[in-house]
Amino acid sequence: HPEDERYKSLIGKFVLLPLVNRLIPIVADDYVDREFGTGCVKITPAHDFNDYEVGKRHNLPLINVLDKNAAILGVAQIFNLDGSLNTQIDGTLPAQYAGLDRYEARKQIVTAFEAAGLLEKIDDHGLKVPRGDRSGVVIEPWLTDQWYVSTKPLAEPAIAAVEDGRIQFVPKQYENMYFSWMRDIQDWCISRQLWWGHRIPAWYDASGKVYVGRNEAEVRSKYNLGTDVKLNQDEDVLDTWFSSGLWTFSTLGWPEQTEFLKKFHPTDLLVTGFDIIFFWVARMIMLTMHLVKHEDGTPQIPFKTVYVHGLVRDGQGQKMSKSKGNVLDPLDIIDGIDLETLVQKRTTGLMNPKDAPKIEKQTRKEFPEGIQAYGTDALRFTFCSLASTGRDIKFDMGRVEGYRNFCNKIWNAMRFTLMQCENQDCAQDGSSDYELSLGDRWIISKLQIAEKTVTENLDNYRLDLASQAIYSFVWDEYCSWYLEATKAVLFNADATAAQKKGTRRTLVRVLETILRLVHPLMPFITEEIWQIIKPLSGAAGETIMHAQYPQADDSKIDQQALNDVEWLQAVVLGVRNIRGEMNISPAKDLPVLFKNGTDDDQQRLTNNQQFLKKLASLESVTWLNAGDAEPMSATALVGQMEILVPMAGLIDKDAEIARLTKESNKLVQDIERTEAKLANAAFVEKAPTEVVANERNRVAENKIAVEKLREQIQKISAL
RNA sequence: GGGCGGUUAGCUCAGUUGGUAGAGCAAUGCCCUUACAAGGCAUGGGUCACAAGUUCGAGUCUUGUACCGCCCACCA
């Protein structure tokens with residue numbers, strides 16, 4: 025170390041290397057840790073990456089003492105830093121070590137040191153020795169001739185393309201990762217000693233002179249080499265990332281200027297994991313911009329958007345790996361696997377067989393029943409639903425199960441639709457003698473909203489939000505409300521043919537649209553169902569894959585229908601809540617009375633009795649006018665309107681009081697919170713007027729509701 | 001050491017310009033109601049890691065702390 029006073033006087037002098045008897049220059053470099061050991065270290069630029077860097081700083085020769093099997097040479101190969109042979113230094117090595125493996129030679133050298141009285145002491149010291157991934161063998165750095173790509177000139181335009189937005193990363197934060205690597209890029213070693221791959225396009229003549237060209241014929245003509253000159257192509261192949269970096273254009277016929285290349289290059293989107301940004305994405309951008317140009321000569325980019333997804337990890341958040349035995353094979357989730365087969369699969373072919381018992385135990389604990397068959401669509405939908413941007417995916421079997429059930433739900437919705445519509449007039453012939461019910465108009469409106477949401481989220485690469493929008497529309501709206509609502513028409517003897525036709529038409533058309541909407545996320549079940557209902561839907565085309573993706577149409581949104589159904593749902597929820605809390609069987613139809621409603625309430629009630637009766641399982645619907653006698657009832661509120669379910673023989677008095685009290689307490693809490701807010705002068709003064717008005721409204725409505733609930737509690741208590 | 005991300009219900013995760021916290025699974029109660037029990041209906045469950053700040057108002061914005069994870073570098 026240049027500042028180490030102990031050795032300052034030695035800098036520029038030499039030490040004599042024992043046994044070899046070679047003079048070694050003493051240099052000073054702050055790479056050395058003065059605190060460790062003697063504070064001196066022998067530098068071997070030919071056998072260590074760090075030492076190589078030190079060697080470059082001090083112009084040290086590169087002395088290779090190993091052959092390709094890491095045995096000691098008889099005569100060292102000595103190079104200068106520019107790669108030329110160094111003939112000034114004598115490379116002779118002690119004859120007794122020639123041909124010995126390095127470990128054996130090390131032992132003998134220690135013995136020789138000891139014998140010569142040169143060994144002071146031996147200390148234990150932990151080292152991090154690199155080993156080959158597959159073989160586990162210690163890796164020794166060794167000088168070889170390799171091909172390099174000079175990356176700085178390639179990196180500059182590649183950085184610019186991301187800086188100026190020609191290429192965008194989703195999510196954007198990964199651009200930082202890209203920049204940090206590109207701005208500190210090292211020259212790229214592209215030759216590999218493998219049997220497969222693109223061979224390096226370089227040829228050597230007998231004297232070792234190198235010629236580079238696209239092929240041998242080109243080399244011969246370019247360098248004017250006759251057939252008498254024997255040429256051998258370099259044995260090495262290109263780094264796999266070099267070859268795959270050519271992917272976007274080499275697959276389109278490049279270097280020919282094919283129609284495909286003109287039409288499809290640059291491509292739109294690359295989907296990949298963040299761990300591939302350096303390996304692949306960066307290199308694709310560099311190579312493409314260098315090799316492929318627009319007609320005006322400016323560089324073409326390979327793709328416009330890079331969508332970076334997270335890594336899929338196991339349930340504990342661990343990266344999946346064979347050696348950890350925590351790999352989930354997608355096929356096992358799709359087709360299912362029994363425990364014994366799974367254990368066997370995870371414990372065979374391990375790099376370290378000692379891990380087998382641990383892996384077996386862990387697997388038996390995590391999957392005591394093996395893995396059920398969930399199917400391809402469920403798995404795919406699960407990945408989509410977990411694919412929020414910018415974070416890894418911790419895999420959750422519970423989610424797969426939920427989405428497997430979702431597949432079933434869609435299937436059963438199809439069964440219902442078939443039952444109602446097969447061999448029936450569904451008004452798909454272009455005629456207009458049908459009538460749409462409130463439910464029909466409502467689901468059509470909701471469908472437009474769902475289409476809009478799904479499309480927006482797909483456009484923003486938010487597959488998780490898109491899948492959620494699909495799920496809630498299909499399950500919570502189409503299945504839970506709409507299918508039930510159709511029964512009020514289809515099972516009603518009084519409904520007209522036109523009404524039934526309108527409902528069947530909507531039932532089929534919305535289902536068919538759902539299939540197209542879901543298809544990218546669930547390709548198989550949607551195709552299957554699409555084909556089955558094709559005779560009913562009258563959809564054109566051979567396959568759903570070629571069908572148009574749904575597009576929202578704002579003119580189909582019926583605000584009145586949305587409002588009416590929202591009101592109906594509140595009424596139904598009120599009755600269901602009483603039923604649920606009072607433990608009244610869903611099979612029992614209830615007589616229900618309404619009072620104190622507005623004209624609007626009465627109108628809606630009159631118009632939608634059928635729906636209400638069906639959805640809430642009502643025996644009768646009665647409107648009470650002021651002064652009408654009313655039986656003792658359990659009550660629910662929708663706005664100011666009271667819903668009365670007569671208690672006679674049904675309801676436990678205490679239970680009803682408890683229910684009403686709970687409801688009332690919730691509202692009182694809310695009132696207190698909101699009033700506290702309104703009591704704050706600064707809030708009233710500074711918050712937007714509509715926010716303040718909203719809060720005031722809220723207090724007023726809740727106060728009325730609480731008052732009604734209290735009256736009701738008193739009435740029942742008095743019984 | 002440099003950089004990035006995370007911390008929200010028992011579990012896995014959403015929460016889009018600050019304005020009453022959501023989903024799936026799990027849990028509880030009642031139901032084989034003629035698409036679906038892999039289902040239906042209802043219900044419970046969260047001081048949004050912690051602390052300070054900005055603001056009338058913070059899961060959301062700022063700063064700091066703790067813990068977890070990843071990338072890069074270093075490791076005589």
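Be aware that the first sequence starts at 25, since it is given in this note's numbering, and climbs by one per residue. For every residue, glycine included, the Cβ atom is placed at its ideal position computed from N, Cα and C. Please read these numbers as outputs of a predicted model, since none were measured by experiment.
Open item on the list: At a threshold of 7 Å, does Ile681 count as lining the ligand NAD (C-beta to nearest heavy atom)?
Closed with: Annotation note on the ligand NAD: not contained in the displayed structure, which lists no ligands.
Task: Lys418 to Lys254 span [Cα, whole Å] - done: Within the first sequence, residue 418 is the residue found at index 394, counting from 1. Within the first sequence, residue 254 is the residue found at index 230, counting from 1. Rounded to whole angstroms, Lys418 to Lys254 spans 58 Å at the Cα level.
TODO: Just mark Gly250 as buried or exposed, buried being the case when its beta carbon has 16 or more other beta carbons within 10 Å.
DONE: Taking the first sequence and counting its residues from 1, one reaches residue 250 at position 226. With fewer than 16 other Cβ atoms within 10 Å, it is exposed.
- [ ] With a 10 Å radius around its C-beta and 16 neighbouring C-beta atoms as the bar for buried, classify Cys213 as buried or exposed.
- [x] Position 189 of the first sequence, counting from 1, holds the residue named residue 213. Exposed.
TODO: Reducing DSSP to helix, strand and coil, say where Trp271 ends up.
DONE: Numbered from 1 along the first sequence, position 247 holds the residue referred to as residue 271. Trp271 falls in the helix class under three-state DSSP.
Open item on the list: In whole angstroms, give me the CA-to-CA distance for Gln101 and Arg46.
Closed with: Taking the first residue of the first sequence as 1, we reach residue 101 at position 77. Taking the first residue of the first sequence as 1, we reach residue 46 at position 22. Roughly 14 Å separates the two Cα atoms.
- [ ] In angstroms with no decimal places, state the Cα-to-Cα distance between Leu285 and His222.
- [x] Position 261 of the first sequence holds residue 285. Position 198 of the first sequence holds residue 222. Their Cα atoms are separated by approximately 22 Å.
Task: Delimiting residues of the alpha helix (DSSP H) encompassing Gln593 - done: Sequence index remark: in the first sequence, residue 593 carries index 569 (1-based). It spans Gln583 to Glu605 - the alpha helix (DSSP H) in which Gln593 sits, taken as one unbroken run.
TODO: Name the residue from Thr296, Asp420, Ile325 and Ile383 whose alpha carbon lies nearest to the alpha carbon of Gly341.
DONE: As a working note, residue 341 is residue 317 in the first sequence. Out of Thr296, Asp420, Ile325 and Ile383, Asp420 has the C-alpha closest to the C-alpha of Gly341.
Task: Glu48 vs Ala70 beta-carbon contact at 8 Å - done: The residue you call residue 48 lines up with position 24 of the first sequence. The residue you call residue 70 lines up with position 46 of the first sequence. For the sequence presented, residue 48 should be read as Ile rather than Glu. The answer is no: Cβ separation not under 8 Å.
Open item on the list: Taking DSSP's pairing of strands, which residues face Met665 in a bridge?
Closed with: Working through the first sequence from its first residue, we reach residue 665 at position 641. DSSP lists Val662 as partners of Met665.
TODO: For Ala509, I'd like the list of residues in its chain whose CB is within less than 6 Å of its CB, leaving aside the five on either flank, ordered along the chain.
DONE: For this step, residue 509 is matched to residue 485 along the first sequence. The answer, listed in chain order, is Gly463 and Phe635.
Task: With 16 other Cβ atoms within 10 Å as the buried cut-off, status of Met569 - done: One-based indexing of the first sequence puts residue 569 at position 545. Within 10 angstroms of the beta-carbon of Met569 lie fewer than 16 other beta-carbons, which makes it exposed.
- [ ] Examine the Cβ distances between the segment 579-598 and the segment 484-498 and report whether three or more of them are shorter than 8 Å.
- [x] For the pair of segments examined, the segment 579-598 was found not to touch the segment 484-498: the number of CB pairs separated by less than 8 Å stays below three.
Task: Inter-stretch contact (C-beta, 8 Å, three-pair minimum) for the segment 198-206 and the segment 171-187 - done: Contact between the segment 198-206 and the segment 171-187 is present, because at least three Cβ pairs lie under 8 Å.
Task: Secondary structure, beta strand (DSSP E): runs of 3+ residues fully inside the segment 137-208 - done: If we require 3 residues or more, the beta strand (DSSP E) runs fully inside the segment 137-208 come out as 192-194.
Open item on the list: Count Cβ pairs between the segment 105-118 and the segment 27-46 that sit closer than 8 Å; are there 3 or more?
Closed with: Segments in contact, yes.
Task: Residue from Thr713, Phe618 and Arg415 with nearest C-alpha to Pro670 - done: Taking the first residue of the first sequence as position 1, residue 670 is located at position 646. Ranking the options by Cα distance to Pro670, first place goes to Phe618.
- [ ] Would you kindly work out how many angstroms separate the C-alpha atoms of Pro381 and Leu535, rounded to a whole number?
- [x] The residue you call residue 381 lines up with position 357 of the first sequence. The residue you call residue 535 lines up with position 511 of the first sequence. Note on geometry: alpha-carbon atoms of Pro381 and Leu535 lie some 50 Å from one another.
Task: Residue burial classification, Gly269 (beta-carbon count within 10 angstroms, cutoff 16) - done: Sequence index remark: in the first sequence, residue 269 carries index 245 (1-based). Gly269 should be labelled buried.
TODO: Output yes or no for whether 8 Å exceeds the beta carbon distance between Arg404 and Met546.
DONE: By 1-based counting over the first sequence, the position of residue 404 is 380. By 1-based counting over the first sequence, the position of residue 546 is 522. Cβ distance < 8 Å, so Arg404 and Met546 count as in contact.
Open item on the list: One question on the structure: do Asp356 and Leu363 come within less than 8 Å of each other, judged by their Cβ atoms?
Closed with: In the first sequence, the residue the question calls residue 356 occupies position 332. In the first sequence, the residue the question calls residue 363 occupies position 339. No; because the gap between Cβ atoms is not below 8 Å, this pair is not in contact.
Task: Uninterrupted beta strand (DSSP E) stretches inside the segment 230-257 (no shorter than 3 residues) - done: Counting only runs of 3 or more, we get 234-236.
Task: Three-state secondary structure (DSSP) of Ser657 - done: Reading the first sequence from its first residue, position 633 is the one you call residue 657. Three-state DSSP puts Ser657 in a strand.
- [ ] Quick one: measure Cβ to Cβ for Arg600 and Ala658, integer angstroms, because I've assumed they're closer than 8 Å.
- [x] One-based indexing of the first sequence puts residue 600 at position 576. One-based indexing of the first sequence puts residue 658 at position 634. Not quite, the Cβ-Cβ distance comes to about 12 Å (not below 8 Å), so this is no contact.
Task: Inter-residue spacing [alpha-carbon to alpha-carbon] between Glu699 and Tyr198 - done: Here residue 699 is taken as the residue at index 675 of the first sequence, counted from 1. Here residue 198 is taken as the residue at index 174 of the first sequence, counted from 1. Linking Glu699 to Tyr198 through their CA atoms gives a straight-line distance of about 46 Å.
- [ ] For Phe327, count neighbouring Cβ atoms within 10 angstroms of its own Cβ and tell me buried if that reaches 16, exposed if not.
- [x] Mapped onto the first sequence, residue 327 falls at position 303. Buried, because 16 or more other Cβ atoms sit within 10 Å of the Cβ of Phe327.
- [ ] Take the Cβ of Arg528 as the centre, count every other Cβ of all protein chains shown within 10 Å, and call the residue buried at 16 or more, exposed below.
- [x] Looking up residue 528 in the first sequence gives position 504. By the Cβ-count criterion, Arg528 is buried, with 16 or more other Cβ atoms from all chains shown falling within 10 Å of its own Cβ.
Task: Proximal residues to Ala136 (C-beta, below 7 Å), its chain only, five neighbours per side dropped - done: As a first step, residue 136 must be located in the first sequence, where it is residue number 112. Take Ala136, set aside five residues on each side of it, and the residues of its chain with a beta-carbon closer than 7 Å to its own are Leu43, in chain order.
- [ ] Classify Glu666 as buried or exposed, calling it buried when 16 or more other Cβ atoms lie within 10 Å of its own Cβ.
- [x] Here residue 666 corresponds to residue number 642 of the first sequence, with the count starting at 1. By the 10 Å Cβ count, Glu666 comes out buried.
Open item on the list: So, at 6 Å on beta carbons, what are the nonlocal neighbours of Val243 in its own chain, with the 5 sequence-adjacent residues on each side left out?
Closed with: In the first sequence, the residue the question calls residue 243 occupies position 219. Closer than 6 Å at the Cβ level, and outside the excluded window around Val243, lie Trp227, Tyr235 and Gly237.
Open item on the list: Only counting the same chain, and skipping five residues up and downstream in sequence, which positions put a Cβ closer than 7 Å to that of Ala672?
Closed with: If you number the first sequence from 1, residue 672 lands on position 648. Excluding five sequence positions before and after Ala672, the CB atoms of its chain that fall closer than 7 Å to its own CB belong to Pro655, given in chain order.
TODO: Would you give the residue range spanned by the beta strand (DSSP E) that Ala100 belongs to?
DONE: As a first step, residue 100 must be located in the first sequence, where it is residue number 76. Segment Ile96 to Phe103, the beta strand (DSSP E) holding Ala100.
Open item on the list: Below 8 Å, how does it come out for the segment 604-622 and the segment 496-511: are there three or more Cβ pairs, yes or no?
Closed with: No, they do not touch.
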